[in-house]
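Per the working numbering, residue 92 is the first one in the sequence shown, and the count goes up by one each step.
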Amino acid sequence: MARFKNEQGEELSLDDILQDSEYQAEFDRKIQKAMEKNKATQDAEMQKKLEEILAGREDEIRKNIQDEMDAKAKEEAELAKMSEAEKYKKQLDTVNQKLVDYENKLAVADREKKIKAYIKEKGYDMDAIMDFVNPESLTDNFQDRIDSINEKLQDRISKGVNERLKDEEDKILGNKGGGNNQPDFHFEFQSVKPETK
Numbered sequence: 092m093a094r095f096k097n098e099q100g101e102e103l104s105l106d107d108i109l110q111d112s113e114y115q116a117e118f119d120r121k122i123q124k125a126m127e128k129n130k131a132t133q134d135a136e137m138q139k140k141l142e143e144i145l146a147g148r149e150d151e152i153r154k155n156i157q158d159e160m161d162a163k164a165k166e167e168a169e170l171a172k173m174s175e176a177e178k179y180k181k182q183l184d185t186v187n188q189k190l191v192d193y194e195n196k197l198a199v200a201d202r203e204k205k206i207k208a209y210i211k212e213k214g215y216d217m218d219a220i221m222d223f224v225n226p227e228s229l230t231d232n233f234q235d236r237i238d239s240i241n242e243k244l245q246d247r248i249s250k251g252v253n254e255r256l257k258d259e260e261d262k263i264l265g266n267k268g269g270g271n272n273q274p275d276f277h278f279e280f281q282s283v284k285p286e287t288k
């Protein structure tokens, strides 16, 4: 690689060389060309990967489309055989099922809102408890279940802290002798926030 030197024989840095507008223009052209080549290469690789993915799933996609078409044709054939009253009843049943599903979703959302309000009111850890709660599986009498979950979480936390303190008491307290003349720690964490007056 050729080294550029100034009149005093000192080697020039790239920044010094690029001060010359001709070198700067050539440098810019080469950078632009390299970026275009890199983009073209990446585009080609992406297209190749996409084609591989689609080729592997082509049969699956065709089967799904065919299944949908078959189901639609079967439904249309059934509707053609039905009388007007039967068609109306089928539509009514479909609408009723959608209504029931919607009411269930609404009830679950309402229950989740009540659960969160209860957790907040009690001062429990919202994120920790919600990790263990499925509003769909709880009834409207969820309070005992939430209290039980919170109690179990607090017990685990207390046990973990006490074990850690027992194992590393000297390290935590800064004792160098390692003597165990300090009382055991027994933190009993309260999950309820204290009332402010």
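Just so it is clear, CB atoms sit at the ideal spot from N, CA and C, and this is done for glycine as well.
Given this structure, state the Cα-to-Cα distance separating E136 from E117, to the nearest angstrom. So the two alpha carbons sit approximately 29 angstroms from each other.
Continuous alpha helix (DSSP H) stretch holding M217: start and end: Segment 217-221, the alpha helix (DSSP H) holding M217.
Anyone know if the C-beta pair for M221 and K207 falls short of 9 angstroms? The criterion of a C-beta distance shorter than 9 angstroms is satisfied by M221 and K207.
Roughly how many angstroms separate the alpha carbons of I144 and A131, rounded to a whole number? Cα to Cα, the separation comes out at about 20 angstroms.
DSSP bridge partner residues for E102 (one or two, in chain order): Note: E102 sits in a beta bridge opposite K96.
Run of the alpha helix (DSSP H) containing E143, from where it starts to where it stops: That run of the alpha helix (DSSP H) goes 112-172.
Assigned exposure category for I237 - 16 Cβ within 10 Å defines buried: Result: buried.
Report all residues from its chain with a CB closer than 7 angstroms to the CB of N97; omit the five preceding and five following residues, and keep chain order. Same-chain partners within the cutoff: L103.
Are the CB atoms of Y209 and Q245 within a distance shorter than 9 angstroms? In this structure, Q245 sits away from Y209, with a CB-CB distance that is not shorter than 9 angstroms.
Outcome for Y215 when other beta-carbon atoms lying within 10 angstroms are tallied against a minimum of 16: Classification for Y215: buried.
Could you tell me how far apart the beta carbons of P226 and E203 are, in whole angstroms, since I believe they sit closer than 8 angstroms? Indeed, because the Cβ distance is near 4 angstroms, the residues count as touching under 8 angstroms.
Buried or exposed: where does V224 fall if 16 or more other Cβ atoms within 10 Å of its Cβ makes it buried? With a 10 Å radius around the Cβ and a threshold of 16 neighbouring Cβ atoms, V224 comes out buried.
With a threshold of 8 angstroms on Cβ separation, who are the neighbours of M217 within its own chain once the five nearest residues in sequence on each side are excluded? The beta carbon of M217 sits closer than 8 angstroms to those of K207, I210, K211, all from its chain and outside the five residues before and after it, given in chain order.
Cutting at 8 angstroms between CB atoms, please list the residues of its own chain near K205, excluding the five before and the five after it. Within the same chain, K205 has close Cβ partners D231, F233.
Assign N155 to buried or exposed, taking buried as 16 or more other Cβ atoms, counted over all protein chains shown, within 10 Å of its Cβ. Under this definition N155 is an exposed residue.
Around the Cβ of N129, are there at least 16 other Cβ atoms within 10 angstroms (buried) or fewer (exposed)? Exposed, since its Cβ has fewer than 16 Cβ neighbours within 10 Å.
How should I240 be labelled, buried or exposed, when 16 other C-beta atoms within 10 angstroms of its C-beta is the threshold for buried? A residue is called buried once 16 or more other Cβ atoms fall within 10 Å of its Cβ, and I240 is buried on that count.
Quick one: give me the first and last residue of the alpha helix (DSSP H) that E194 is part of. Taken as a continuous stretch (DSSP letters only), the alpha helix (DSSP H) holding E194 covers 175-213.
Secondary structure of N241, DSSP reduced to three states: If DSSP states are grouped into helix, strand and coil, N241 belongs with the helices.
Judging by CA-CA distance, which residue of V199, E254, S249 is the nearest neighbour of L229? Nearest C-alpha to L229: V199.
Of the residues E242, E166, L190, the one placed nearest K213, counting alpha carbons only: Checking every option, the nearest Cα to that of K213 belongs to E242.
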